[in-house]
Every structure is written in structure tokens, then in C-alpha cells.
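Student:
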Amino acid sequence: MARRVAICAVSQTKFVRNNTTQRFQEMELDVLESLREQVDIGFADEGGIGMSINVSNDVFDARTISDAPMTDVLGAHMGCEEKVDQDGAQAIIYGASAIMSGHCDAVLIIGHCRESQGQSRNMCTNLTFDPFFTRPVGLDYCSAAGFQAQAYLSKSGITEEQLAKIVVKSRENASKNPYTPEAPRVTVEDVMSSPMLCDPIRELHAYPVSDGAVGMILAAEDLAVKLTDTPVFFNGHGNNMDSFYLGDRDLTSNFALKGAAERAYKRAGITDPKTAFDIVEISDQYAYQYPMWLEGLGICDEGKAGELIDSDNANGPAINASGGMLAGNPLNLGGFVRAAEGAMQLMGKAGDRQVKGAKTALAHGVVGPAGQFHTVVILGSD
Amino acid sequence: MSSGTDQKVTIADIFGSMESRVNPDGVKGVTCNCGYKITGEGGGEYTVTVKDGDVKVLEGIHSPDVTTTASAENWINITLGKLDATTAFTSGMIKIDGDMGVMGKAAMFFQKYRPPAPEVTIQDIFGSMESRVNPEGVKGVTCKCGYDITGDGGGQYTVSVDDGNVKVLEGIHEPDVTTTSNAQNWIDITLGKLDATTAFTSGMIKIEGDMGVLGKAAMFFKKYIPPGGEIEEQEELLMLPKVISVPQKFNTGPKMGKFLKGLIDKKLYANKCPECKRLQIPPREVCAECIVRADEFVEVGPDGIIQVLDITFFASPDPLTGESRETPYVSAHILLDGCKGHETLWHELNPANIKTAKKGDRVRPVWNENRTGSVSDILYYELIE
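Here the protein sequences line up with chains A and B, keeping their order. Using our numbering, you'd call the opening residue of the first sequence number 8 and step up by one each time. Using our numbering, you'd call the opening residue of the second sequence number 3 and step up by one each time.
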């Protein structure tokens with residue numbers, strides 16, 4: 008039987024539009040220092056942090072091997088150092104695997120991104136497309152999402168008002184989240200009159216350009232219980248990759264998300280996702296994704312997300328109590344921040360946004376155009 | 003391009019080369035005689051005799067166990083793999099009389115026939131250049147590239163490009179850059195058997211003059227096709243030239259930022275680890291060895307001594323402009339006054355010092371008059387005489 012793994016400490020910076028005062032190294036350094044204040048652990052192959060994982064992206068950082076300049080601040084100098092790109096939630100899976108297998112007792116994971124650094128984040132995501140055809144036609148993650156939004160709204164009947172309500176709710180929740188200081192509250196009218204980016208996606212439907220960093224320390228169960236009174240256990244995960252070419256996909260099928268969720272639920276022993284979680288944190292890069300991902304995860308039935316929005320999900324789990332990605336965090340940290348938020352809730356350290364008595368959480372991450380690659384992580388206080 | 007006509011594949015060569023192509027495993031323990039009646043122009047009669055693995059090819063038919071009859075053209079095509087032997091047999095293009103079992107074995111007697119290699123000469127490579135000009139590659143270009151091809155079969159040539167107009171002249175005439183190579187290496191590079199960069203870096207070819215011109219020269223001509231070298235028509239596949247560029251603004255933060263701002267005032271700042279006291283220049287947020295913030299700044303230099311230096315001959319071009327900096331240039335790790343161990347700063351040295359600079363020499367910075375807070379605020383370091 009593999010060892011159990013727990014999150015012992017989490018930390019994040021504020022997510023802001025343009026951090027002009029720090030290099031990304033120092034953003035991560037703030038996170039590292041905060042983590043080490045929370046738990047008393049050093050760097051060591053046995054009984055300490057035996058592996059450091061950096062979550063970063065070469066294109067956003069505009070340098071190859073984007074983890075290379077991070078080793079100093081990660082404490083990874085002369086240590087075991089790894090990098091995860093894609094969604095940061097993958098780093099949790101990577102780190103947990105190293106502990107489960109017995110290779111390491113504890114793992115440090117810190118990720119960063121400055122979406123403000125390049126002239127446009129869309130220029131960055133355009134580079135993920137192939138240089139022969141889909142890049143020159145001008146696809147980026149925003150324009151790709153436009154296609155999916157059109158297809159999904161037409162299938163689901165989700166209205167423009169409902170999309171606006173999602174943003175209003177996100178900003179309301181974000182007002183209690185100290186890490187999203189630049190997500191002011193808005194009205195349905197504000198959202199519905201905000202400029203159109205890619206029909207039907209409006210500016211306020213899109214997650215804000217964000218700079219920031221996030222981190223956590225994972226440890227084997229026996230070490231974790233010594234380090235903290237509030238370990239949050241990693242109880243299962245799943246991921247799933249859809250086609251690279253948008254034209255190959257059924258954009259409304261949610262195949263990849265359903266596949267990722269199914270794997271995670273099986274591993275975590277979850278039979279009814281509607282009742283299994285106190286906390287659900289999803290990576291809603293665009294407002295239409297909020298209902299779509301909830302349906303894919305089985306948090307509500309297919310075609311019922313509109314009702315969930317209108318009823319404010321009164322009887323279900325707390326969904327994006329943090330404000331979600333719509334309140335701001337960089338692309339490649341989506342699932343990582345969601346897991347950090349879930350862990351903070353289960354630790355009882357979520358401040359004004361704390362959900363009382365929360366014991367189980369689902370964290371969801373997604374990268375690639377129009378939901379190509381989904382990751383689901385299941386956390387529990389036992 | 004199809005130019006199979008130059009290739010001299012003959013029935014005489016196919017049978018004549020058989021003894022040198024014997025496959026020992028295929029003839030092991032075999033004893034038989036196979037006759038071949040090759041008809042039509044260029045034909046002939048042959049017998050392959052195998053005696054317990056010993057192979058002889060004789061002219062004429064001599065008590066064969068099996069005899070194959072085919073036209074010379076069909077037999078050449080079968081030998082070159084252009085015509086399938088079974089198809090040829092079932093369609094009546096070849097006839098077989100006698101013991102078919104022996105024929106089955108005969109397919110394993112010999113290793114594959116390779117037609118005589120086409121002769122590639124330096125003369126043909128340079129002589130065919132004017133007919134191979136790539137209009138896109140020479141557009142707007144004016145330059146002269148000399149080639150000194152040494153050794154057996156060598157020669158001297160100058161490729162002269164005048165605003166896109168290409169002439170290949172014998173002899174070396176006022177070249178901007180001259181490439182020296184022996185004939186065999188140059189043939190191998192032309193045929194793609196030898197990588198030009200590898201050949202250059204390993205000293206197999208020498209280049210003197212303007213390297214930038216040579217970068218353009220790679221695009222002057224279409225591929226050289228040796229006489230008879232390409233039998234199959236090859237589809238020309240497209241290559242898309244693209245530049246990847248996302249304009250960036252890199253925030254410098256309080257450590258690197260302090261260092262860069264210091265350059266404006268002709269000051270060099272290192273930061274000091276509060277624990278191990280080592281200096282870092284340029285400064286970084288932490289001391290990696292002690293895993294602590296290093297907030298204290300120390301002014302060092304600006305003079306120092308060369309700890310290690312190197313001359314670069316091949317500068318990588320700027321991807322946006324395609325321009326390369328001037329080479330050769332010499333750069334050094336400089337131990338600034340006030341620093342110790344390997345607390346060194348990288349910078350360029352004055353090109354005038356290239357021949358004399360050595361480890362241990364004292365150097366001082368030459369400041370740019372117009373300083374903006376960047377690495378070029380120091381033009382270079384120079385020797386203190």
C-alpha cells in the first residue's frame with residue numbers, strides 16, 4: 008500500500024494585474040518564506056523537503072527552461088529540482104507520487120506566472136497552436152473559448168443574464184478573499200455592457216490578466232501529522248487530454264473533464280459527486296465554463312446548470328468561495344490555486360470566506376484551448 | 003528531377019559484380035547451376051554455378067538445373083527493385099524452365115546490386131551553380147564568395163553576386179569571404195553527407211572574412227543533384243520561415259534593479275549573504291547556498307583582474323534582425339576589486355586587447371557616454387597598461 012500524502016502548508020501572493028515591484032523570483036520567495044513559517048521543515052533527502060517542483064511556463068516567462076532561474080529561491084540549489092508546466096495541479100500529482108512511492112518524505116511546490124510581462128497573453132497562447140495552420144489563422148485561448156462558448160450556450164440554453172450572474176457572484180465572493188484585491192464588485196448590467204472580446208465572451212466574462220505565485224508543502228502522512236494539526240489529505244486525482252485540433256473535438260461534450268473526474272472519483276472512492284464535497288473550486292477562465300465544468304464534473308446534471316446559477320446552489324457545496332479564476336490568477340496556476348484554496352478551507356484558515364466545517368474538497372484545473380486538458384484533485388481532512 | 007539516363011547499369015555489370023556480392027549464408031551447403039538467357043540489346047547468357055557454397059559466374063549456359071529467360075530491360079528493372087520478380091513471372095515477362103526450388107534459393111545467393119556510383123566532381127558542382135540559382139536567396143544581395151578547393155580534383159572559384167545577378171568565375175577574385183576545403187569534404191558537404199557547421203567547428207573547412215555573407219550564401223543555390231544521382235522524382239516539401247516574437251517588459255525588482263541603476267552612476271553593486279558573507283554580482287534575491295535573503299549591498303570594482311577569458315568566433319544571430327555581432331570577440335570573467343573566489347562578473351574585453359589579454363591581467367571598464375541602466379552601459383573592459 009502506497010503512503011498517504013497530505014498538504015501541510017499553503018501560501019499564495021495577492022493576484023494583481025501588474026506587479027511592477029518584484030521579479031518573479033521574489034514573488035516565489037515570499038511564498039517560500041510564508042510556507043516555512045507555517046511548518047518547521049528543512050531541505051533534506053530524508054525527513055525533509057527532498058524535492059522542489061517549480062510550476063512555470065517558458066513562453067510566459069520568455070526564457071527557456073523557466074525553472075532554471077528559480078532553483079536559488081526554491082531552496083533547490085544542489086537539490087532535486089523538477090518542473091511542471093501545463094496546469095499547476097499536475098505538480099501536486101507529481102509531488103504526491105514521489106512521496107507515495109517512498110522516494111521523498113516531503114515535497115515543495117511553488118509556481119509563478121506574470122501574465123503582464125508579455126505584450127498580450129493572447130500572443131503567448133497563440134504560440135501553443137501549430138505554426139503551420141492554426142497559429143497563422145490567429146487562434147489563441149480566448150478566441151478558441153469563443154467557439155466553445157457559442158456551441159455550449161446554444162446547447163445548454165444558458166442566457167447572457169446567467170453568465171452575468173456568475174461574474175457578479177464571483178466578484179462578491181472575491182470581496183472576502185484578500186488574495187484577489189483587484190476584483191471589485193460588479194452588477195449584472197456592468198457585465199452585460201462590458202466590451203465584447205469574442206462573441207459571446209465579454210471582457211468581464213474573462214479572468215483578469217494576473218501576476219502572482221502560489222505554493223504548498225506536501226509530506227508523507229507520518230511526517231505531516233508531526234508538522235501540522237491540520238493536514239489535508241490528497242485522496243485521489245484524475246486527468247484527461249482531448250484532441251489538440253479543435254476541429255477534431257465535440258466542443259460541448261466535456262469528454263476530457265468527464266474522463267478526468269471519473270478517474271479521480273474512482274481513486275477517491277466517490278460515488279455521488281453531488282453530495283461528496285463541501286468545497287468545489289473550479290478553474291473558470293471564462294464565465295461560460297462555470298456551468299459547463301460543473302456539468303462535466305457531475306456537480307449538477309447536464310442541462311441543469313442554469314437552475315444551479317439561478318438558485319445560487321443553495322443546497323449544494325460551496326462553489327468557488329474564493330471567487331474562482333474569474334477573480335484572478337494566472338493561466339498556468341489555475342488548478343494549483345484552486346487546490347490551495349480547497350486546502351485552506353479544510354484547514355479552517357480561509358478567513359472571511361471560510362465555509363464552516365468543510366471536510367472535503369474538489370479542485371479542478373484546466374489548460375489548453377477550450378478545455379483540452381483537465382485535472383481533478385480530491386482533498387479531505389481525513 | 004529525373005536523370006536516370008546517365009546511370010550506367012548493364013547486364014554485364016550485374017553479372018560481372020555477382021562474385022563480389024556473394025552472401026555466404028545464402029550459398030552455404032548449396033550446389034546447383036542457374037542459367038540466365040538475357041535477351042535483346044545489352045543481353046547475354048550466363049551461368050551461376052554454386053558448388054557447396056563456392057560461387058562462379060560463367061559466360062554461356064552450362065548444364066543448368068534451371069534457366070531464366072528475360073529481356074535485358076526487365077532484368078535490370080528486377081535487379082534495381084523497380085519490377086517485382088513474382089509479378090514479372092506470373093505476367094510472363096520472365097520465363098523459368100527447370101527446377102523452381104533452386105530458383106527460390108537463388109534469391110538469397112547475392113547481396114543487393116548497387117549501380118555504379120555517379121561521379122561527382124568539384125567542376126560539376128561549381129559548373130552547375132548558375133543553373134541552380136535560387137532567385138529568392140540572392141534577391142538584393144551583392145557580394146563575392148571565394149572557394150579554395152584543395153587536393154585532387156580541386157580548384158579555385160568565386161561566386162560573384164551583383165544585386166541578385168550570379169556569376170561563377172574560376173579563380174579567386176576580391177572575395178568578401180573565402181572558404182577553404184579539400185575536394186572530398188566539399189563534395190560530401192554538397193551532397194549532405196557532411197554537416198557544414200560540424201565541418202567548420204572541427205576545422206575541416208576554414209572560413210576567412212565576413213561570416214555574415216556566408217550565412218546568406220547558404221540560400222543562393224538550389225540543391226545540387228549529382229549526375230544520375232536521383233532516380234526517384236522527389237516532391238519538393240515546403241519550409242515555412244517564421245519569427246516568434248512576443249514583446250516583453252521585464253521588471254527588475256529591488257536587487258537586479260539596484261545593480262542596473264547603479265551602472266548609470268558608474269557604480270557596480272554586489273549583494274552580500276548575511277550568513278556566509280559571499281558576494282553575488284549581479285545581485286539576486288537570495289543566497290542559494292544559505293537559503294536566506296541577501297539584502298545588503300556592497301560597492302565593488304569597478305576595476306578588477308581577468309580570471310578566465312575566451313574568444314568567440316561564431317556569434318549567434320539576433321533572431322529578429324538576422325544580424326550577428328562582430329566576431330571574433332573576447333569576453334572574460336572579471337574578479338572585481340573587493341570580490342574573492344569566483345565572485346566574478348562577465349563582460350566583454352576591448353577587441354584591441356584580443357591578442358594580448360590573459361588571465362591575471364588588470365582591467366578597467368570603459369563607460370558608455372549614454373547610460374540607461376543596462377549591460378551596455380559598460381562598453382567593455384580594457385587592459386590597464
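The C-beta atom is built at its ideal place from N, Cα and C for all residues, glycine as well. On a predicted model such as this, the values are computed, not experimentally measured, just so you know.
Using a cut-off of 9 Å between C-beta atoms, extract the partners of residue 134(A) located in chain B.
Tutor: In chain order: 246, 248.
Student: Apart from the five residues on each side of it in sequence, which residues of its chain come closer than 6 Å, Cβ to Cβ, to residue 247(A)?
Tutor: Only 263, 266, 267, 381 meet the Cβ criterion.
Student: Residue 240(A) and residue 384(A) - do their beta-carbons sit closer together than 9 Å?
Tutor: No, the Cβ-Cβ distance between residue 384(A) and residue 240(A) is not below 9 Å.
Student: Considering only the beta carbon of each residue, do residue 125(A) and residue 248(B) sit closer than 9 Å?
Tutor: A contact, by the Cβ cut-off of 9 Å.
Student: Measuring only the C-alpha atoms, how far is residue 60(A) from residue 123(B)?
Tutor: So the alpha carbons of these two residues sit roughly 57 Å apart.
Student: Compare the C-beta of residue 283(B) against all C-beta atoms of chain A and say whether one is closer than 9 Å.
Tutor: So no, residue 283(B) is outside the interface.
Student: On a Cα-Cα basis, can you pick out the residue from 214(B), 173(B), 133(B) that is closest to residue 323(B)?
Tutor: Among 214(B), 173(B), 133(B), the Cα nearest to that of residue 323(B) belongs to 214(B).
Student: Should residue 279(B) be flagged as near chain A, meaning a C-beta pair shorter than 9 Å?
Tutor: No, because no Cβ of chain A sits closer than 9 Å to the Cβ of residue 279(B).
Student: How is the beta strand (DSSP E) around residue 366(B) delimited, first residue to last?
Tutor: Per DSSP, residue 366(B) belongs to the beta strand (DSSP E) from 364-369.
Student: Looking only at DSSP bridge pairs, what is residue 59(B) linked to?
Tutor: Per DSSP, 50(B).
Student: Please list the residues of the stretch 285-304 of chain B that have a C-beta atom closer than 9 Å to any C-beta atom in chain A, keeping them in chain order.
Tutor: Those would be 286, 287, 288, 289, 290, 291, 293, 295, in chain order.
Student: Which term fits residue 332(B), buried or exposed, when burial requires 16 or more other beta carbons within 10 angstroms of its beta carbon?
Tutor: Buried, by the Cβ-count rule.
Student: Let me check one thing: in DSSP terms, what residues is residue 288(B) bridge-paired to?
Tutor: For residue 288(B), which the question treats as bridged, DSSP gives the partners 295(B).
Student: Residue 255(B) CB to nearest chain A CB: under 9 Å?
Tutor: Chain A contact via Cβ: present.
Student: Thinking C-alpha only, which one of 388(A), 389(A), 387(A), 375(A) is nearest residue 131(A)?
Tutor: Residue 131(A) has its Cα closest to that of 375(A), out of 388(A), 389(A), 387(A), 375(A).
Student: Verify whether the separation of the beta carbon atoms of residue 226(A) and residue 15(A) is less than 9 Å.
Tutor: Closer than 9 Å, so yes.
Student: Give the straight-line distance between the Cα atoms of residue 208(B) and residue 198(B), rounded to the nearest whole angstrom.
Tutor: For residue 208(B) and residue 198(B), the distance between alpha carbons rounds to 11 Å.
Student: Which same chain residues end up closer than 7 Å to residue 184(A) when comparing Cβ atoms and leaving out the 5 residues on each side of it in sequence?
Tutor: Contacts found: 329, 330, 334, 360.
Student: If you measure from the beta carbon of residue 138(A) to each beta carbon in chain B, is any gap under 9 Å?
Tutor: Closer than 9 Å: yes.
Student: Taking buried to mean at least 16 other C-beta atoms within 10 Å of its own C-beta, is residue 319(A) buried or exposed?
Tutor: Classification of residue 319(A): exposed, given that the 10 Å Cβ count is below 16.
Student: In chain A, which residues lie with their C-beta within 8 Å of the C-beta of residue 242(B)?
Tutor: The answer, in chain order, is 138, 139.
Student: Please classify residue 212(A): is it buried, with 16 or more other beta-carbons within 10 angstroms of its beta-carbon, or exposed?
Tutor: Buried: at least 16 other Cβ atoms inside 10 Å.
Student: Consider the Cβ of residue 274(B): report whether some Cβ of chain A lies at a distance smaller than 9 Å.
Tutor: By this cut-off, residue 274(B) is not an interface position.
Student: For residue 360(A), would you say it is in contact with chain B, using Cβ-to-Cβ distances shorter than 9 Å as the test?
Tutor: With 9 Å as the cut-off, residue 360(A) does not count as an interface residue toward chain B.
Student: Taking DSSP's pairing of strands, which residues face residue 115(A) in a bridge?
Tutor: Partner(s): 59(A), 224(A).
Student: Which residues in chain A sit within 7 Å of residue 251(B), going by Cβ to Cβ distance?
Tutor: Near residue 251(B) (Cβ distances below 7 Å), the residues of chain A are 124.
Student: For the stretch 141-164 of chain A, enumerate the residues whose C-beta is nearer than 9 Å to any C-beta of chain B, in chain order.
Tutor: Residues passing the 9 Å Cβ filter: 142, 143.
Student: Scan the stretch 62-96 of chain A and note each continuous beta strand (DSSP E) run of 3 residues or more that stays entirely inside, going in chain order.
Tutor: Listed in chain order, the complete beta strand (DSSP E) runs (minimum 3 residues) inside the stretch 62-96 of chain A are 88-91.
Student: Using only the alpha-carbon positions, how far apart do residue 255(B) and residue 175(B) sit?
Tutor: Distance between the alpha carbons of residue 255(B) and residue 175(B) is about 55 Å.
Student: Note down, in chain order, each residue of its chain lying with its Cβ closer than 6 Å to the Cβ of residue 88(A), except the 5 sequence neighbours on either side.
Tutor: Answer for residue 88(A): 59, 78, listed in chain order.
Student: Which residue comes first and which comes last in the alpha helix (DSSP H) that contains residue 190(B)?
Tutor: Where residue 190(B) is concerned, the enclosing alpha helix (DSSP H) stretches over 185-192.
Student: Using the three-state DSSP reduction, which class does residue 71(B) fall into: helix, strand or coil?
Tutor: Strand, per DSSP.
Student: Quick check on DSSP: helix, strand or coil for residue 344(A)?
Tutor: Reduced to three states, the DSSP call for residue 344(A) is helix.
Student: Okay, do the stretch 218-235 of chain A and the stretch 8-28 of chain A touch, 3+ Cβ pairs below 8 Å being the bar?
Tutor: With the cut-off at 8 Å, the stretch 218-235 of chain A and the stretch 8-28 of chain A touch.
Student: Does the stretch 287-299 of chain B come close enough to the stretch 307-321 of chain B that 3 or more CB-CB pairs lie under 8 Å?
Tutor: Touching, no, given that fewer than three Cβ pairs across the two stretches are closer than 8 Å.
Student: Please compile the residues from chain A whose C-beta is within a distance smaller than 7 Å of the C-beta of residue 258(B).
Tutor: Those are 30, listed as they occur along chain A.
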